[in-house]
Structure formats: C-alpha cells, structure tokens
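Trainee:
In the numbering used here, the protein residues as written are 60 to 481.
(1) Does the beta-carbon of residue 274 have 16 or more other beta-carbons within 10 angstroms, so that it is buried, or is it exposed?
(2) Excluding the 5 residues preceding and the 5 following residue 369 in the sequence, name in chain order all residues of the same chain whose CB lies nearer than 6 Å to its CB.
(3) Tell me the rounded alpha-carbon separation between residue 176 and residue 210.
(4) Give a yes or no on whether 9 Å exceeds the smallest Cβ distance from residue 327 to chain D.
(5) Taking the alpha helix (DSSP H) that residue 327 belongs to, which residues open and close that run?
(6) If contact is defined by three or more beta carbon pairs under 8 Å, each pair taking one atom from either stretch, is the stretch 428-439 in contact with the stretch 348-366?
(7) Contact defined as beta carbons within less than 8 Å: I believe residue 155 pairs with residue 171. What is the distance between those atoms, to the nearest angstrom?
(8) What's the C-alpha gap between residue 400 and residue 200?
(9) Note down the Cα distance separating residue 402 from residue 173, rounded to an integer number of angstroms.
(10) Buried or exposed: where does residue 166 fall if 16 or more other Cβ atoms within 10 Å of its Cβ makes it buried?
(11) Does the Cβ-Cβ distance between residue 439 and residue 115 come in under 9 Å?
(12) If we call anything under 9 Å between Cβ atoms a contact, is residue 75 one with residue 194?
(13) Between which residues of its own chain and residue 484 is the CB-CB distance below 6 Å, once the five residues before and five after are set aside?
(14) Could you give the residue range of the alpha helix (DSSP H) that holds residue 142?
(15) CB-CB under 8 Å to residue 89, same chain, minus the five flanking residues each way: which ones, in chain order?
(16) Looking at the secondary structure, which residues open and close the alpha helix (DSSP H) in which residue 403 lies?
(17) Using the rule of at least 16 other Cβ atoms within 10 Å of the residue's Cβ for burial, across every protein chain shown, is residue 475 buried or exposed?
(18) Cα-Cα, which of 418, 78, 338 is closest to residue 396?
(19) Should the stretch 361-377 be regarded as contacting the stretch 435-450, the criterion being three or more beta carbon pairs within less than 8 Å?
(20) Identify, in the order they occur along the chain, each residue of the same chain with its Cβ nearer than 6 Å to the Cβ of residue 298, setting aside the five sequence neighbours on each side.
(21) Report the three-state DSSP secondary structure of residue 303 (helix, strand or coil).
(22) Compute the Euclidean distance between the alpha carbons of residue 126 and residue 311, then round it to the nearest angstrom.
(23) Looking only at its chain, what residues have a beta carbon closer than 6 Å to the beta carbon of residue 189, apart from the 5 residues adjacent to it on each side?
(24) What's the gap between the Cα of residue 422 and the Cα of residue 302?
(25) So, residue 249 versus residue 143, is the Cβ gap smaller than 9 Å?
(26) Is the CB-CB distance between residue 445 and residue 304 below 9 Å?
(27) Can you tell which of 97, 208, 139, 331 has the C-alpha that lies nearest to the C-alpha of residue 342?
(28) Report the rounded CA-to-CA distance for residue 290 versus residue 228, giving the unit in angstroms.
(29) Shortest alpha-carbon distance to residue 70 belongs to which of 131, 205, 93, 118?
(30) Is the beta carbon of residue 226 sitting closer than 9 Å to the one on residue 237?
(31) Assign residue 98 to one of three DSSP states: helix, strand, or coil.
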C-alpha cells in the first residue's frame with residue numbers, strides 16, 4: 060500500500076503536491092472526528108447509562124448537522140474561497156470534540172455533536188474546490204484519491220488513537236487531546252494562503268456567470284438542479300449507508316457474534332480502514348485511466364457486499380473475520396475516486412464547491428439514516444443484521460449506478476486554464 064501511495068504522489072509537481080498534502084491532512088482530521096465515539100461505545104454505554112440506539116442517535120445528529128450545512132458552505136466556498144472556510148470548519152469541529160470530553164453528559168454531547176457536524180460540513184465543498192483549482196487535469200483523479208486516502212487514514216487511526224489514549228487516561232481526556240490537536244492544525248491552515256488559493260478559478264467563474272446572466276442562461280445553484288446531480292445525491296447516500304454500517308456498529312457486532320474482545324474487534328475495524336485506504340489509491344489510478352467508471356464501481360460493490368455478508372455468519376474464526384473486513388473495505392473504497400471524478404466532470408468549474416455541497420449532503424443523509432437502525436438491531440440481539448443490511452444496501456447501490464449511466468452529463472472539456480491559474 061505504501062508503494063502504491065508513492066506511485067500516486069510522484070506525478071504531482073511540487074506546488075500541487077503541497078496543496079494535496081495540506082488539504083488531505085485536513086480531511087484526515089474530519090474522518091478522525093467522525094469515528095472518535097464508536098470505538099468506545101461499550102464504555103459510553105456503561106458510563107452514560109443509555110442504550111445503543113441512543114448512542115447511534117449521536118452520530119445521526121452529527122450527520123444531520125453536516126448535511127444541513129453542506130450546501131450553504133458550498134455556496135460560501137464558491138463566493139469567498141476554500142481556505143478560510145476550511146480553517147473555520149476544522150476549528151469548530153475540533154473545539155466541539157474537545158467539549159464532548161470536557162462535559163460528558165448525554166445531552167451536552169448531543170449539543171456538541173451538532174456543533175461538530177456544522178464544522179464537518181465544510182470539508183468536501185472546500186477540499187474539492189481547492190483541489191480542482193490547483194491540480195491539473197490528468198492528475199485530478201489521483202489528487203482526489205490521495206484526499207480520500209487521507210480520510211481513510213483518519214478513520215484507520217481513530218480506533219487505536221482513542222483506545223490508546225483511553226488506556227492511558229480515560230475516554231474523556233482522550234477526546235480532549237484529539238480536539239486540541241485539530242485546533243492546532245486549523246491555525247496552521249490559516250497561514251497556507253498560497254497553496255490553498257482558488258481565487259483565479261473563482262474570478263473566471265464570476266465573469267462566466269455575469270455573461271451567462273446577461274444572456275438569460277441559468278447560473279449558480281439553479282445550474283446544478285439537474286437529474287444528474289439528483290442521481291449523484293442518491294449514489295452518495297447509498298455509499299454512506301453501506302460504509303457507515305461497518306464504521307459504527309461492526310465492533311459491537313463482532314464482539315457479540317464472534318466472541319471477540321474490544322481490542323480485537325477494533326483491530327478488525329482498523330484492518331477495514333487500512334484496506335480501504337489502499338482501495339482509494341487504486342480507484343484514483345482507475346479514474347485517470349478508464350472511461351467505464353460505472354462498470355468498475357458495480358464490480359467493486361458486488362465483491363464488497365459478498366464478503367461483508369459472510370461476516371454475519373455466527374462463530375467464524377476471528378482471523379477469517381479480520382480477512383473479510385479487510386477485503387470488504389478494499390473493494391468498497393475503490394469506487395470513491397471514480398464517483399468524485401464523475402461529479403467533478405459533470406458540473407461547471409466555478410460551481411465545484413456548491414456541487415459537492417449538494418451531493419455530499421446525500422452522504423450525510425446516509426450517515427444519519429443507518430446508525431439508529433443498526434443500533435436498534437443490536438439492541439434486539441441480532442448483530443448479524445449489521446452485516447446483512449450493509450451488504451443489501453451495497454447491492455442496492457448498483458441500481459443507482461444504472462441511473463448515473465442514464466442521466467450523467469457528458470464530460471466537460473479539459474480545463475486547460477488551470478495551468479494559467481498558477
């Protein structure tokens with residue numbers, strides 16, 4: 060996986076490499092914060108005196124807040140630029156996670172998850188706007204894959220980081236330390252004006268919008284209200300529901316189904332994220348080299364659904380469970396760069412932030428929909444349903460791909476003006 064990552068990095072010129080690195084690291088913080096609670100759900104279950112459905116509701120609140128704010132943040136990114144919005148969002152997210160540890164009552168945590176979700180809403184609109192403005196065509200698929208790779212690294216690091224800090228102190232102090240770390244990186248982002256600037260791209264987009272309005276053509280948000288964007292919204296929702304089933308309740312389900320310890324079940328989840336990080340790099344390579352993105356995505360979905368469904372069989376050896384989690388994570392992650400490049404190619408260059416704000420709202424809807432459902436089936440004593448429902452949702456995603464193929468907008472001409480922007 061390391062050699063694949065290096066192969067993805069080599070094609071980037073130094074200015075692009077710095078942009079990809081800074082933005083991707085911020086994205087890693089976003090994903091880290093999404094998953095700081097699930098690794099210690101069994102501890103919160105005992106400490107807060109609530110059931111798993113209530114703990115799932117915290118993740119639902121987080122996802123709803125993210126979803127509600129993503130379109131406004133996308134519009135803000137396209138108006139004032141990605142750098143300021145990205146720094147503000149990460150700072151807000153990090154402070155809220157710090158407060159979750161500082162004031163550990165259920166209702167206080169629910170309030171802070173609203174704040175954290177609002178901060179989390181900036182990442183996809185801001186990140187994709189910056190990367191689209193700073194990275195040349197022909198490399199953008201790999202830039203998106205590195206961005207996604209970093210996100211999976213954030214997810215991968217969350218269980219061991221939270222558990223290690225919890226073992227040294229307790230889960231409250233662990234969250235406070237992780238929150239303060241994010242605040243420090245947010246301050247660093249403020250200083251990175253040159254490598255995070257998308258002003259040239261936004262200036263040209265404003266000129267194009269002015270000309271379009273003078274000619275009576277649609278501009279801004281109205282330009283994005285198309286069947287293609289609606290289908291991508293549904294696609295992102297399905298992908299989120301499938302992935303979230305594993306991320307939130309696989310630890311609890313593996314412990315109950317297969318008799319694993321908390322540490323072993325979290326190791327299986329970490330294996331899922333390690334594999335997924337590698338899968339995104341393959342997906343980025345494919346996105347820059349193939350045209351049939353939908354077919355590659357469908358194949359990956361089928362393979363992921365098959366191995367995830369097998370984990371629901373009671374009493375498997377834990378080594379087999381870890382291997383299946385690894386395979387499921389790899390296959391489902393291959394689709395992400397393909398998906399993001401399809402969206403990027405389907406919208407005008409000056410509307411990238413808003414477009415990703417819309418479609419990733421679907422991602423947030425998916426994140427909000429699954430935790431309570433899967434927490435409920437765990438409370439019913441049916442942990443195998445975590446894996447079977449996840450596999451079924453993944454297969455439903457193939458139907459969405461058919462719709463993407465039917466309504467997608469033809470690829471926009473290469474954005475040759477990117478070179479001029481630098």
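Where is the CB? At the ideal position from N, CA and C, for every residue including glycine.
Mentor: According to the structure data:
(1) Caution is warranted here: a pLDDT of 49 is assigned to residue 274, below 50, making its placement in the model unreliable, and no coordinate value can be reported.
(2) Once the five neighbours on either side are set aside, the close Cβ partners of residue 369 are 383.
(3) Residue 176 and residue 210 have their C-alpha atoms spaced approximately 16 Å apart.
(4) Any reference to chain D falls outside this structure, which holds one protein chain only.
(5) First-last of the alpha helix (DSSP H) with residue 327: 321-346.
(6) They do not touch, by the three-pair rule.
(7) Separation of the CB atoms of residue 155 and residue 171 is rounded to 5 Å, and the pair is thereby assigned contact status at 8 Å.
(8) If you take the alpha carbons of residue 400 and residue 200, they lie about 6 Å apart.
(9) Straight across, the Cα-Cα distance linking residue 402 with residue 173 is about 28 Å.
(10) Exposed, because fewer than 16 other Cβ atoms sit within 10 Å of the Cβ of residue 166.
(11) At least 9 Å separates the beta-carbon of residue 439 from that of residue 115.
(12) In this structure, the beta-carbon distance from residue 75 to residue 194 falls below 9 Å.
(13) This structure gives no information on residue 484, because the portion of the chain shown stretches from 60 to 481.
(14) 141-161 is the span of the alpha helix (DSSP H), which, as asked, contains residue 142.
(15) Shown here for residue 89: same chain residues with a beta carbon closer than 8 Å to its own, the five before and five after excluded, namely 149, 152, 179, 182, 210, 213 in chain order.
(16) Boundaries of the alpha helix (DSSP H) around residue 403: 394-404.
(17) For residue 475, the predicted structure reports a pLDDT of 39, less than 50, and the residue's modelled location is therefore unreliable. The matter cannot be settled from this model.
(18) For the residues 418, 78, 338, the minimum Cα distance to residue 396 belongs to 338.
(19) Here the stretch 361-377 lies against the stretch 435-450, with 3 or more beta-carbon pairs under 8 Å apart.
(20) Leaving aside the five residues that flank residue 298 on each side, none in its chain has a CB nearer than 6 Å to its CB.
(21) In the displayed model, residue 303 falls within a helix according to three-state DSSP.
(22) Those two C-alpha atoms are separated by around 26 Å.
(23) 82, 141, 255, 257.
(24) When rounded, the distance between both Cα atoms is 10 Å.
(25) In this structure, residue 143 lies closer than 9 Å to residue 249 by Cβ.
(26) Yes; because the gap between Cβ atoms is below 9 Å, this pair is in contact.
(27) Ranking 97, 208, 139, 331 by Cα distance to residue 342 puts 208 first.
(28) If you take the alpha carbons of residue 290 and residue 228, they lie about 46 Å apart.
(29) Closest option to residue 70, Cα to Cα, is 205.
(30) Their beta carbons are not under 9 Å apart, which means residue 226 does not touch residue 237 by this criterion.
(31) DSSP, reduced to helix, strand and coil, places residue 98 within a helical segment of the structure shown.
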